[in-house]
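Let me begin by presenting the structure, written as structure tokens, before commenting on it.
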Amino acid sequence: SDVYAMGGTPMMAIAILGWPLDKLPPEVAQQVLEGSRAACREAGIPLAGGHSIDSPEPIFGLAVTGRVNVANIRRNIGALPGCKLFLTKPLGVGILTTAQKKGKLQPEHALIARDSMVQLNRVGEVFSKYAYIKAMTDVTGFGLLGHLVEICSGSRTRALIDFSAVPRIPEIDGYLELGCVPGGTGRNWASYGDKIGPVTDYQRQILCDPQTSGGLMVAVVPEYEREFVQMSAGLGLHMQAFGELLEPDPGQPLIMVQ
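According to the numbering used here, the residues represented by the sequence shown are 13 to 270, in order.
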């Protein structure tokens with residue numbers, strides 16, 4: 013996702029695998045590796061090797077090398093006041109995975125988070141070719157608000173969020189009522205909540221929800237909003253703006269939610 017978020021093309025991946033051999037059979041590790049090979053095949057890159065260790069709990073990750081045309085690099089800086097904000101995946105993965113850990117996830121919801129996480133953010137490679145997209149980042153562990161704080165701080169802007177337009181997985185509300193809030197949600201808020209205007213508990217639980225393989229947050233020049241929406245629809249993404257960037261104002265919170 014980091015490569016795609018900068019407008020790049022992945023070239024190869026190296027794997028790291030930590031496995032508790034005294035707790036989990038190696039056959040399960042083989043399934044994990046096969047899943048990584050499938051993801052690499054979808055991205056069109058080889059899994060070129062890796063390293064494995066004995067560890068107390070299972071861990072797995074890929075180090076990915078990519079390339080990008082310098083003219084097309086997109087960062088989490090460079091956005092402008094007036095830019096419209098879009099998100100390519102709905103929020104709520106952290107809530108669903110927490111429900112699963114607590115044994116509260118309904119069987120019919122078992123694949124929702126997984127299906128979101130396995131969706132590659134390769135649209136970033138396409139987005140980077142359009143000059144009217146001024147900033148782009150993937151939304152991951154810091155939650156939407158945390159990554160938007162980075163865009164605003166790096167671009168010297170503020171942001172206004174229309175909470176009703178923020179894409180989120182519909183099934184998460186019931187799990188929030190059951191107390192399925194990730195520990196990372198509170199830690200996220202503690203790290204940047206002083207930069208955010210008034211929010212309800214519900215809004216905070218959604219906007220600070222830590223994502224795994226979350227979507228791309230994109231800042232689009234307002235004059236090209238319609239063109240961007242139409243172009244994205246052609247890629248299978250049906251989006252609407254959930255906020256906009258504003259001129260800086262030291263007397264106001266960095267991000268307001270309405």
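Beta carbons are placed, not taken as given, at the ideal position from N, Cα and C, and that holds for glycine.
A quick note: this is a predicted structure, and the numbers were derived from the prediction, not measured.
Give the DSSP bridge partners of E54, in chain order. Stepping through the sequence shown from its first residue, residue 54 is reached at position 42. Looking at the DSSP assignment, E54 forms no beta bridge with any residue, so it has no partner.
State the start and end residues of the unbroken beta strand (DSSP E) segment that holds V161. Within the sequence shown, numbered from 1, the residue matching residue 161 stands at position 149. Counting along the chain, no beta strand (DSSP E) covers V161; the unbroken alpha helix (DSSP H) around it starts and ends at 155-167.
Touching or not, the stretch 238-251 and the stretch 209-218, by the rule of three or more beta carbon pairs under 8 Å? No, they do not touch.
Which residue's Cα is closest to the Cα of A41: K146, A50, P70, P93? Counting from one through the sequence shown, the residue named residue 41 turns up at place 29. From the listed residues K146, A50, P70, P93, the smallest Cα separation to A41 is found for P70.
For the structure I just gave you, are there three or more beta carbon pairs, one from the stretch 64-80 and one from the stretch 19-28, closer than 8 Å? With a cut-off of 8 Å, the stretch 19-28 and the stretch 64-80 count as touching, because enough Cβ pairs lie within range.
What would DSSP say about R199, mapped onto helix, strand or coil? By one-based count along the sequence shown, residue 199 stands at place 187. The answer is helix: DSSP assigns R199 an H, G or I state.
Could you tell me the boundaries of the beta strand (DSSP E) in which E256 lies? Numbered from its first residue, the sequence shown carries residue 256 at position 244. Its beta strand (DSSP E) spans residues 255-258.
Can you name the start and end residues of the beta strand (DSSP E) that R134 belongs to? As a position in the sequence shown, residue 134 is number 122, starting the count at 1. For R134, no beta strand (DSSP E) segment is defined, and its DSSP state is neither H nor E.
How is the beta strand (DSSP E) around D66 delimited, first residue to last? Counting from 1 along the sequence shown, the entry for residue 66 is found at position 54. 59-66 is the span of the beta strand (DSSP E), which, as asked, contains D66.
Beta-carbon proximity list for G30, same chain, < 6 Å, skipping 5 on both sides: Here residue 30 corresponds to residue number 18 of the sequence shown, with the count starting at 1. So the list reads I65, S67, I71, once near-sequence residues are dropped.
Between L97 and D221, is the Cβ-Cβ spacing less than 8 Å? Reading the sequence shown from its first residue, position 85 is the one you call residue 97. Reading the sequence shown from its first residue, position 209 is the one you call residue 221. Cβ atoms of L97 and D221: not closer than 8 Å.
The stretch 120-135 in contact with the stretch 166-177 per 3-pair CB rule at 8 Å: As far as the Cβ criterion goes, the stretch 120-135 does not touch the stretch 166-177, which means the pair count is below three.
Proximity to K141 [Cα-Cα], best of G263, G94, L92, I85: The residue labelled residue 141 in the question sits at position 129 within the sequence shown. The candidate whose alpha carbon is nearest that of K141 is I85.
Could you check how far apart the C-beta atoms of T100 and N133 are, in whole angstroms? I think they sit under 8 Å. One-based indexing of the sequence shown puts residue 100 at position 88. One-based indexing of the sequence shown puts residue 133 at position 121. At roughly 7 Å, the Cβ-Cβ gap stays under 8 Å, so T100 and N133 are in contact.
Can you check which of these residues, E120, S203, G198, is closest to V161 by C-alpha distance? Taking the first residue of the sequence shown as 1, we reach residue 161 at position 149. Checking every option, the nearest Cα to that of V161 belongs to S203.
Verify the contact flag: I89, CB atom, against every heavy atom of the ligand COA, threshold strictly below 7 Å. Among the ligands in the structure shown, none appear at all, so the ligand COA cannot be discussed.
Does DSSP classify K101 as helix, strand or coil? Here residue 101 refers to the residue found at position 89 of the sequence shown. In the three-state DSSP reduction, K101 falls in the coil class, being neither helix nor strand.
For I26, does the three-state DSSP call read helix, strand or coil? Within the sequence shown, the letter at position 14 stands for residue 26. I26 falls in the strand class under three-state DSSP.
Alpha carbon to alpha carbon, what distance is there between K207 and G94? Within the sequence shown, the letter at position 82 stands for residue 94. Within the sequence shown, the letter at position 195 stands for residue 207. Going from the Cα of G94 to the Cα of K207 covers about 20 Å.
I want to know whether the stretch 180-193 touches the stretch 225-241 - three or more CB-CB distances under 8 Å. Verdict: no, contact absent.
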